[in-house]
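**Student:**
Protein chains in written order, with our numbering: chain A, 1 to 355; chain B, 1001 to 1637.
(1) Alpha helix (DSSP H) containing residue 1603 (chain B): first to last residue?
(2) Apart from the five residues just before and just after residue 1024 (chain B), which ones in its own chain have a Cβ nearer than 7 Å to its Cβ?
(3) With 9 Å set as the bound, which would you pick, yes or no: does the beta-carbon of residue 1462 (chain B) sit closer than that to a beta-carbon of chain A?
(4) Got a sec: is the Cβ-Cβ distance from residue 1258 (chain B) to anything in chain A below 9 Å?
(5) Are the CB atoms of residue 1363 (chain B) and residue 1572 (chain B) nearer to each other than 9 Å?
(6) Give me the DSSP bridge partner(s) of residue 1497 (chain B).
(7) Would residue 22 (chain A) and residue 268 (chain A) qualify as a contact pair, given that the criterion is a beta-carbon distance under 9 Å?
(8) Below 7 Å CB to CB, which residues in the same chain sit around residue 5 (chain A) once its five sequence neighbours on both sides are set aside?
(9) Using a cut-off of 7 Å between C-beta atoms, extract the partners of residue 69 (chain A) located in chain B.
(10) Judging by CA-CA distance, which residue of B:1196, B:1229, B:1399, B:1458 is the nearest neighbour of residue 1405 (chain B)?
(11) Go through its chain and collect everything with a Cβ distance to residue 1292 (chain B)'s Cβ below 7 Å, but skip five positions before and after it.
(12) For the region 1550-1563 of chain B against the region 255-267 of chain A, are there 3 or more C-beta pairs whose distance is under 8 Å?
(13) Quick one: using the 10 Å Cβ neighbour count with 16 as the cut-off for buried, is residue 1300 (chain B) buried or exposed?
(14) May I have the straight-line CA-CA distance separating residue 1587 (chain B) from residue 1547 (chain B), to the nearest angstrom?
(15) Between the region 1080-1107 of chain B and chain A, which residues of the former have a C-beta closer than 9 Å to a C-beta of the latter?
(16) Hey, which unbroken runs of the beta strand (DSSP E) at 3 residues or more fall wholly within the region 55-133 of chain A?
(17) Closer than 8 Å by beta-carbon distance: list the chain A residues that pair up with residue 1434 (chain B), in chain order.
(18) What are the complete alpha helix (DSSP H) segments, minimum 4 residues, inside the region 1409-1476 of chain B?
(19) Tell me, to the nearest whole angstrom, how far the beta carbon of residue 1550 (chain B) is from that of residue 1576 (chain B); I am working on the premise that it is less than 8 Å.
(20) Please name the residue, chosen from B:1314, B:1454, B:1340, that lies closest to residue 1504 (chain B) on a Cα-to-Cα basis.
(21) In whole angstroms, what is the alpha-carbon distance linking residue 1252 (chain B) and residue 1381 (chain B)?
(22) Among the candidates B:1472, B:1232, B:1162, whose CA atom is the shortest distance from the CA of residue 1305 (chain B)?
(23) If you run the structure through DSSP and keep just helix, strand and coil, what is residue 339 (chain A)?
(24) Rounded to a whole number of angstroms, what is the C-alpha to C-alpha distance between residue 1403 (chain B) and residue 1418 (chain B)?
(25) Reducing DSSP to helix, strand and coil, say where residue 1047 (chain B) ends up.
(26) Within this structure, are the beta carbons of residue 292 (chain A) and residue 52 (chain A) separated by less than 9 Å?
(27) Quick one: list the residues of chain A neighbouring residue 1145 (chain B), beta-carbon separation under 9 Å, in chain order.
(28) Quick one: Cα of residue 1204 (chain B) to Cα of residue 1043 (chain B), how far?
(29) Where in the region 1004-1092 of chain B do unbroken runs of the alpha helix (DSSP H), each at least 4 residues long, occur, reported from the N-terminal end onward?
(30) Could you name the residues of the same chain whose beta carbon sits closer than 6 Å to that of residue 1035 (chain B), not counting the 5 residues immediately before and after it, in chain order?
(31) Are the region 247-263 of chain A and the region 1432-1444 of chain B touching by the rule of at least three beta carbon pairs closer than 8 Å?
(32) What are the residues of the region 252-267 of chain A that lie near chain B, defined by any Cβ-Cβ distance shorter than 8 Å?
(33) If I measure Cβ to Cβ from residue 1159 (chain B) and keep anything under 8 Å in the same chain, skipping five residues before and after, which residues do I get?
(34) Give me the DSSP bridge partner(s) of residue 277 (chain A).
(35) Considering only their Cβ atoms, is the gap separating residue 1408 (chain B) from residue 1520 (chain B) smaller than 9 Å?
(36) Name the two residues that bound the continuous alpha helix (DSSP H) containing residue 303 (chain A).
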């Protein structure tokens, strides 16, 4: 046991746990969403995919390579994804709204299926076998239950020798509706995700400093395409949430920003990160070809409230104004009891206040 | 401009260059040697993206004058592996998926390499400390630290080198398989070029004059001195916009440069394209603008006060957007409640802090197509808006999404692409604009600060009977994504719980603060912070476990949402169970029971941060001879 955990039993450092649940919608909100993609099974059994939106760091290029490979029978490393460029690629709208895996992933899956269908038609005729007996995976194509097998590279050459370039194009739609202007009635998304996080914190009651020691983050992502990629999104979301919970604040005083650089705008570093335990829950989406949902934004939602609930568990102070900086924690600890939520019981004296 | 001759060794090769004396080592590497793997994230030594070795010591090259390189031996990210295979550190970053946007990664790889060179036996606390000067905004550091530990064990011979190249065996599908990131090799070597790394022949540099006032009328702009300066190719203002000026994700209320008045500090007023950066900066300083200050709205409460100054003529009440939700009868719901809880919550303005500041290059191609390369999160919408602004057909505007060094919603706003395009049309030369960190902070959108007034009624059983939820958000000076953010905040407001009676109002209003816009969760976080705090307050009042209270109210198959959408499925029960089980949650009411809990301090938590791990290790090393050990950690356990 080190010096700090020894003293945590005394009055200075106090620990606590809190949890929070959350929900989120996938793809653009309260509107129809759409994305287009083109795919070609190219020479050498390689794949060309072109779509109008791509990587901002979340790992979508890798997801699309996995999807295109799975659908065509190629390998992910054989997939080339074209630049996204409004003059050279189909519209796929924006990189945001937790829509990349769902919208672009599904449009690439559908385009790849189209290309595969063209290839399979030719190979089925070549082998004189029904189309539905063909299988393709990991760079090979074969007839189920037979000894007919060749590389995808050979299959493309045969297909082209028969005068056909195997290409596909597809569009994927998510049918959200607008909200009624008076009561807000509407179906803003066709797919929702849910998440729950638990936070464990230690509060130094002398300095007001909060350390988040553990996070357990359980998120439904639908069918998981790349587990490590999902973990990366959760870990990144949690640490952004932690930054907002405890330290980050852009300040304007009378319209004049005073947070001019990273010396003033404090961000989490490697020293601030808790151990993050990711639990990936797969409630597959039955309404879309990939059965995947998304994780980019939802990962961040429950982190702040889970941390604030844990701080309350540790020191009995409810932080209702973010960020919970050391200064605010100390000020709250010095406050006399009161200032909590107004709680009124119908059959008890009114105005009873929690401290 | 005074110049100096520098001779040094870079990545094992002798180089000699004559450079301007004001240049930093970072500029020498990036501009003069085209070694763009070394990135500029802040220019102030605070983020670590520009880390290089000088005579074996890790330094932040933005803080080193170029002249200090004289006679030095410099090693950059490009030199680590050279033409050979990736180093164990690079391979480990590839293996664990440690790179996301990749912009911080060259600096991270350099810091990790430095850590393991200094102490090949560094424990996790020492690794964290030695990497503590490098900021990453995407990964949450977890996979980066995992990579450094793997690399350490391989270098120390405790783990076979082959581990770096092998992955779990492939089953019968690539879906669900941990396929390595296909873009990682380009990122761990610094080969990936972002917009600021682009260099085109004959390219001009742009600089922007920004408003020092939160709210002021522009009386006059005099660009004549700037335009007459040698090396200045063009000076542009709102007067040069040929089409219908105005952009925004929902309402097109923002001109590409201030038109008639400025509405926030840092708003673009004029821009210069010149032969080099220094000339452009000098020309910007020579532009004279006369302002007449207007009353400033500093808070959303001031914005909706009677008689408040009007920021945009089209919105005399300063409201960007109000989203109402009405369901059931809240009054009746509160009447049947056994307890009613009222409280309010506030969240702050948050910066995206992507490590890649805004950057872009524009040019007009041989077919008169205006082309803009930038890390835009929405090239489709930007193309539409830019075509209108330039008065061109859609197919004469081409937006290309360059590698994005982090976005999080902050690169959905077209805050500089219009100026670049206009300058390219005016000069018929490629034009580049790279924001400084200060510029990025002052000119880009933030997360909406919000205040929520909350009233929740519940039965003793824990069932919620009614909610009123009122959110007021600071939209800042321009609309940007405020409308959508308010819509999403309203839809998600009362959390994943079935509430039969509710009244939800979310409002974003104009102020003269830095504009608020899209930011990861788009209002969902601000709303659910309030709801989840209220749920715990309620659980304490009811003496109920917080998981239990949520299960009583949670959405299930067939539930009707706050917008009266019937759910075909809902997985909240699954994630509640998963989090409760994984965290070994000890059931009980959230009544400040931290001291009495027995579910804390498990192996799935970290130790509290013990600053000085490095010093402890060095002390242990001194006392125990030649072999650095993990004595400090062992002693601590």
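All C-beta atoms, glycine included, are put in the ideal place defined by N, C-alpha and C. Keep in mind the model is a prediction, meaning the values are calculated, not measured.
**Tutor:** Here's the rundown:
(1) Neither: residue 1603 (chain B) is in no alpha helix (DSSP H) and is coded neither H nor E.
(2) 1061, 1062, 1064, 1065, 1066
(3) no
(4) no
(5) no
(6) B:1554
(7) no
(8) Only weak support exists for where residue 5 (chain A) lies, its pLDDT of 49 falling under 50; the coordinates are left without a value.
(9) 1174
(10) B:1196
(11) 1216, 1217, 1219
(12) no
(13) buried
(14) 8 Å
(15) 1096, 1097, 1098, 1099, 1100, 1101, 1102, 1103
(16) 79-81
(17) Chain A residues near residue 1434 (chain B): none, gap ~16 Å exceeds 8 Å.
(18) 1417-1427, 1437-1443
(19) 6 Å
(20) B:1454
(21) 12 Å
(22) B:1472
(23) coil
(24) 19 Å
(25) coil
(26) no
(27) 270, 273
(28) 21 Å
(29) 1077-1081
(30) 1029, 1076, 1078
(31) yes
(32) 252, 253, 254, 255, 256, 257, 259, 260, 261, 262, 263, 265, 267
(33) 1150, 1153
(34) A:216
(35) yes
(36) 303-315
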